[in-house]
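Protein chains in written order, with my numbering: chain R, 1404 to 1690; chain H, 1404 to 1690; chain E, 1404 to 1690; chain U, 1404 to 1690. By construction, the Cβ of each residue, glycine as well, lies at the ideal position given by its N, Cα and C atoms. None of these values were measured; they are calculated from a predicted model. Quick notes on the structure that follows.
Number of protein chains: 4
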Amino acid sequence: MPATQTAILLIDCPDRKGLVAAIVNFLVERYDINILNADQHQDAQLGLFFMRVEFATEDPLCTQQSFREAFEPLALQFQMNWRIEFTETKQNVAIFVSQYLHCLADLLQRHQAGEFPCNLSLIVSNHEVARPLAEFYGIPFHYLPIAPETRSQTESQQLALLAEHNIDLVVLARYMQILSPTFVQAYPRRIINVHHSFLPAFVGARPYHAAFARGVKLIGATSHYVTEHLDEGPIIEQDVTRVSQNDQLPSLIQKGRDLERIVLSRAVQWHLEHRILSYSNKTVIFA
Amino acid sequence: MPATQTAILLIDCPDRKGLVAAIVNFLVERYDINILNADQHQDAQLGLFFMRVEFATEDPLCTQQSFREAFEPLALQFQMNWRIEFTETKQNVAIFVSQYLHCLADLLQRHQAGEFPCNLSLIVSNHEVARPLAEFYGIPFHYLPIAPETRSQTESQQLALLAEHNIDLVVLARYMQILSPTFVQAYPRRIINVHHSFLPAFVGARPYHAAFARGVKLIGATSHYVTEHLDEGPIIEQDVTRVSQNDQLPSLIQKGRDLERIVLSRAVQWHLEHRILSYSNKTVIFA
Amino acid sequence: MPATQTAILLIDCPDRKGLVAAIVNFLVERYDINILNADQHQDAQLGLFFMRVEFATEDPLCTQQSFREAFEPLALQFQMNWRIEFTETKQNVAIFVSQYLHCLADLLQRHQAGEFPCNLSLIVSNHEVARPLAEFYGIPFHYLPIAPETRSQTESQQLALLAEHNIDLVVLARYMQILSPTFVQAYPRRIINVHHSFLPAFVGARPYHAAFARGVKLIGATSHYVTEHLDEGPIIEQDVTRVSQNDQLPSLIQKGRDLERIVLSRAVQWHLEHRILSYSNKTVIFA
Amino acid sequence: MPATQTAILLIDCPDRKGLVAAIVNFLVERYDINILNADQHQDAQLGLFFMRVEFATEDPLCTQQSFREAFEPLALQFQMNWRIEFTETKQNVAIFVSQYLHCLADLLQRHQAGEFPCNLSLIVSNHEVARPLAEFYGIPFHYLPIAPETRSQTESQQLALLAEHNIDLVVLARYMQILSPTFVQAYPRRIINVHHSFLPAFVGARPYHAAFARGVKLIGATSHYVTEHLDEGPIIEQDVTRVSQNDQLPSLIQKGRDLERIVLSRAVQWHLEHRILSYSNKTVIFA
C-alpha cells in the first residue's frame, strides 16, 4: 500500500477567470490528489486572489522537485507567487529571547505538548537567564551578549548559527534588541515578533507605560512579521484585555503577558502550518 | 452588454475524491462563471463535505430553473443536498415580537441602514406595543392576541399570513410564545430565535434569573434555528459579556439586551446571505 | 413618614490619612445617612484619592444648598474637588448628530426603555435626516445647517439653545463637525463623543479606512470627553471586535457601528449616574 | 523608625446603618491606620454587606492576636463573619495535578515571575509525568498513585501531607480525581478547581466533547471553589474564546487550554490576595 503524504499549496496572483478550475484540475489530473481543505480569498479592491489548498496524495512521484517543475507553467501563465510545502518536512525554528521568560516558557511548553509541528533547533539570548529553561526542555542554548561596539559582529554570529542549523523561522519572544536591515532581509516574512501593544497604538519602547499614561480601557498585544520598519510589519494576530483604574502599571504589565503569550503562539502555529499569506503589508490568515 | 447576475450554490454531501473538481468544472464549462468566493468545510469525523460558491455569470440562460435541471445529475451522482440562490431575488421576512422591543428596534434600524438584503414583509405580535415602531418604519403590523383556548386558531392565522406573503424567514425577536410542532415543521431551518443565555446553559424560562442565581461571571445570548425541541436547535451565533457582583438582576438584563441584539442580527444577516449550512444539529457558517 | 432621598458625593483630593473616616463621620453625624454604595480609588503614583459615596437620607434638611455649606469646611481642609448630586434631579441632555443615525436610534430606544435617568431635551443636527426619528420619539429637533462662513454664528445658536434648556450633558452621536474651543470650554467634561477607532490608534478622519489599510485584526471604538485637542480627551470606554480578511471596508464599518453604539451608550449611562471622575486626562469609572 | 505592616480585613454581615462608620472609626482610633484600599458591596436582595479594607499601620501592637481580640466586640455587635490577614504572612500552597501539565507549567512560571505571593510547598500527583517540571522549579514532588481499592488510604496520605506542611490552599490544576466529602470539608473555600467548560454548561466528564457535539460557537473554562457537589461550587472566574467549524475536537481542546491557564491563575492570585468573599454559593471579587 502506497504511503500517503500531505502537502499545502499556497498561491497569490491577480484574480482571473478560470483560475480555480485550472488549479484544481491540475492537482486532480496530475497527482490524483484528494483535497483536504481549500480556502481562498479575494481582495476585490486590488484585484488579487489568494488560495491555500491542503491535499493528500499517494502518488510517489509527487515530490517537492517534481511538483515545482510540473506546476511552474501554470504559475507563469497566471503570474502566481506560489509555494508548495510537504507536511512531512519539519521546519527548523530558532527562538530569540532577552530577560523576560514568559513567552519562551510558554512556547517550550506548547512545543512539548505537541502544538507546534517543528524542530526547536536553538535558543539565542543576549542574557544567561534563559539557559536553565532551555536546558530543561533540551534545546541548545547560545549566549551571545550584545555590546554597542560589537553589535554587528554578534549579529554575524547569530546569522551564522541560523545558517548552520538551516533555520526556517526566527521567533522573537520578547527579544529586546533591534535587528539590522541585513538580518531582516535574510529572513523575509520569516521573523515573527510580539509587540506589547495593540498596534499601531503605542509603537516604540515602553508601550505599557504609554498605555497607562493615556488611560486606555483595554490593553493589547500584537504579533507581526518583522520588516525594516520597526513595529510596522504585517500584523498576524492581536488580542486585548480589559483594564481599569485598579490596574496600576505592574498589574497592567502582568495582564499584558497573557496576551503576549497568546498572540505570539498563535502566530507561530499559523506560520508553521502554512496558514499565512502576506501581501501589501497585510496578512491573510487561513485559520 | 449582457447583465451580470450573482448566485450562491450551497452543497453538503459525503466527502469524495474529485468532488471539488467536478463542481468547479461544471460551473465553468456550463455557464462560464466567475467565482467570487468559494468556501468549503470538511467534517472529518462524519466524512461530510460542505461548500458555498458565490459566482457571477453573464449567461442569460443561467436561471434558477435551468440551473436546477443542469446540476441535478451531478448532485445525484454525489448524493448532494444542495440549493442555488440568486441574489437578485430578495427574500421575504416576518418578525414575531412580544413586549420587549429592543431587538425589533435594532432589526428595523439595521434594515433601514441597508444591512439586510430582504423585504421586511410584516411584523406579527401578540401585543399592541410594537405597533408604533412598525408603523414608523412602514412595516405592516398584525396584532394577533394569544389566549390558551384560541392558541391553535391564532397559529393558523399566523401561518396563513406567512403563506400569503410568501415568507422565506421568520425571525423571533424576543417572541415569548412557544410555536407548535406544526408551525416549526412548516419552516424548517427558516425560523431564527434569540435565547437570552449562553446555551446550553440556562435553557427554559427566565435564564437571566438563573444565571444570576448561579453566580456566573459572564452572561450570554444565543441565536439558533428553531426545532421541535425547545432551545435545542442548531446554534448560529453566541456572544458573552462580563458581569460582576455589581450587576444585580436589572443591570444583568440590560447588558444581556446588547448581546441579544448582536447575536440575532448576525444570524439574520448570515441567513439572508446564504452563509449558513445546518447539519446534525450544528451549523457551518461561511462568514 | 419622611421622604427618603438619595444623593451621590464625588470627591478627588490628595490622599491623606484620616480622609475616609472624616468623610464617613461627617455624613453619618450630620445627616444620619445610610451608605448605599461607597467606592474609592487611589492613584499611588500621583498620591491622589477618589471617592464616590451613594447614600440615602430621610433628613429634610439635607438639600443641595445646605449640604454644600456644611461640607465646605471639610472640603477645604482636605483640598477636595467635590460635588454632590441628588438623584431626584434629572439631568437635561442634548444629542448632536449628523447623517449616520445608528447611535441616535440606539440612544433613543434605550432612553425609552428606561436605561438613561435623564430628560432628552433636544436633538441638534446639521442635516434633516434625523428629524423623523426625533419626532417619532417625541424629542424636539433643531436643524441648524453649517456652512464655512456661518460656522461661528451657528455655534452661537447652538450654545443659546443649550443655555435656554439648561443642558447638563451634550452627546455627540456621530456628529461630524469639530466644536470650537469656546464651545468645548463652556461644557468641560460635559461633552461626550464617540470616535470610531481604538484610540489612540487612528486619530483623525476616516479611521476605518486607516484600520483597513493597516491590516489590523481587531477594530475598536472609543467614547471620551471632548477637550480642545481633537480625539485626545479622557477615554471613558472602549471596545473591540475581531475582523479578518473577509471583512472588506463596508463590513468593517458595519461591525464598527455595533461597537460605537455600545461604548457611547455606556459612557452616557455612567455619566448620568455620576460614575465618572476625570483627572489628569484619564477617567476613574465607579461601575 | 517603626516598621510598616499591611493587612487585609474581610467582612460579611447583615447590612446595617452605621456599619461603615463603625468599622472605619475602629481602625483609625485603635491602630492609627492608613487605608490603602477599601471596597464594599451590598447584596440588596439578601440585605448583606461585604467589605475588604487593605490598610497599613506602624503600630507594633497591631498583631493578628491583638487585632482579633480588639475587633471581636464590634464583630459580635454587627453579626460579622470576618477575618484579618497580614500580608507578611505568606500562605502555603499545594498543587494537585494528573497528566496534563499545561496548567501546572503555567502556575510554576508565574510563581517564578513573582505573580503569586505564596510558598509553593508541594506538588501531589497520581502520575509521575509532572516530576521533572516540579524538580526543575525546585518544588517537592509527591507521587501518590490512586487505585480504586486504595483510594481512601491515598487520600489519608494526601491529607497528612497537607497537614504536615500547613497548607492554606489546594489548587487542582487539571487533577482528574474526585475528592471525597471528607477531603473537601477539611479545606472549605480553600480548594480551587478548573473545569474545562463554561459552567453550568457541560458539567461532568469530557466537556469539550460535549461542547463539540452541541455545536457551540464559544468554548469556556471556569475556576471555582470545590464543594461536595461536583462542578457546582462558587464560580470565581470564567472566560471564553470563539470557535468555528474549523475547530475539530483537537483544536478545540488546544484553545481551551489557554482559557484554563488564565481562569485558574486569576483565581489563585485573587485568593492569595484575599480578594474573594464567598457566600450563598457565589463569590464577590474585590479585584
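For the pair LEU1675/R and PHE1519/R, the CB atoms are nearer than the 9 Å cut-off. Flagged as an interface residue toward chain R: GLN1648/E, by a C-beta distance shorter than 9 Å.
With 16 or more neighbouring CB atoms inside 10 Å of its own CB, PHE1586/U falls in the buried class.
In the DSSP assignment, VAL1619/H falls outside any beta strand (DSSP E), carrying neither H nor E. ILE1438/H places its beta carbon less than 9 Å from that of VAL1423/R.
Within the segment 1431 to 1484 of chain U, the runs of alpha helix (DSSP H) at least 4 residues long that lie entirely inside it are, in chain order, 1467 to 1480.
Along the segment 1518 to 1535 of chain E, the positions whose C-beta sits under 9 Å from a C-beta of chain H are GLU1518 and PRO1535, read in chain order. Secondary structure of ILE1665/U (DSSP, three-state): helix. Residue range 1544 to 1546 is occupied by the beta strand (DSSP E) that includes PHE1544/U. In summary, LEU1662/U is buried, with 16 or more beta-carbon neighbours lying within 10 Å of its beta-carbon over all protein chains present. With respect to VAL1527/R, LEU1510/R sits apart: the two C-beta atoms are not nearer than 9 Å. Distance from GLU1488/H to ALA1410/H at the Cβ level is roughly 6 Å; contact confirmed, criterion being Cβ atoms closer than 8 Å.
Neighbours of PHE1539/E across chain H, judged by C-beta separation under 7 Å: PHE1539. Look at LEU1621/U: its C-beta is not under 9 Å from any C-beta on chain R. Distance between LEU1582/E and HIS1599/R, taken at the CA atoms: about 34 Å. Proximity of chain U to ILE1665/R at the Cβ level (cut-off 7 Å) is accounted for by ASP1661, in chain order.
Using a C-beta cut-off of 8 Å, the segment 1534 to 1542 of chain H makes no contact with the segment 1458 to 1476 of chain H, since fewer than three inter-stretch Cβ pairs fall below that distance. Excluding sequence positions up to five before and after ILE1656/R, its CB lies within less than 7 Å of the CB of TYR1611, all in the same chain and listed in chain order.
Taking 7 Å as the cut-off between beta carbons, the residues of the segment 1616 to 1642 of chain U near chain H are ARG1617, GLY1618, VAL1619, LYS1620, LEU1621, PRO1637, ILE1638, GLU1640 and GLN1641, in sequence order. For THR1492/E, no alpha helix (DSSP H) run applies, since DSSP gives it neither H nor E. Any Cβ of chain R closer than 9 Å to the Cβ of HIS1674/U would place that residue at the interface, and such an atom is absent. Secondary structure of ILE1526/U (DSSP, three-state): strand.
Going by DSSP, ASP1509/U is part of no beta strand (DSSP E) but of the alpha helix (DSSP H) stretching over 1505 to 1515.
Excluding five sequence positions before and after VAL1629/E, the CB atoms of its chain that fall closer than 6 Å to its own CB belong to VAL1587, ILE1594, ASN1596 and GLY1636, given in chain order.
Using a C-beta cut-off of 8 Å, the segment 1604 to 1621 of chain H makes contact with the segment 1644 to 1651 of chain H, since at least three inter-stretch Cβ pairs fall below that distance. Contact note: HIS1444/E reaches chain R through GLN1648 and ASN1649, using a C-beta cutoff of 8 Å and chain order.
Separation of PHE1429/H and PHE1470/H (C-alpha to C-alpha, rounded to the nearest whole angstrom) is 11 Å.
Against chain R, the CB of LYS1420/E has no partner CB under 9 Å away; the residue lies outside that interface.
Taking all protein chains in view, the Cβ of THR1686/E is crowded by 16 or more other Cβ atoms within 10 Å, so the residue is classified as buried.
For ASN1684/U, the nearest beta carbon of chain E is not closer than 9 Å to its own beta carbon. Taking C-beta atoms as the reference points, PHE1458/H and LEU1412/H count as a pair closer than 9 Å. Inter-residue distance for TYR1503/E and ALA1613/U is about 44 Å (C-alpha atoms, whole angstroms).
Our two residues, ALA1690/U and GLY1517/U, have alpha carbons roughly 18 Å apart in a direct line. Pairing HIS1530/E with PHE1601/E, the inter-Cα distance amounts to about 27 Å. PRO1417/R: member of the beta strand (DSSP E) spanning 1408 to 1417, first to last residue.
Nearest CB-CB separation between VAL1423/E and chain U: below the 9 Å threshold.
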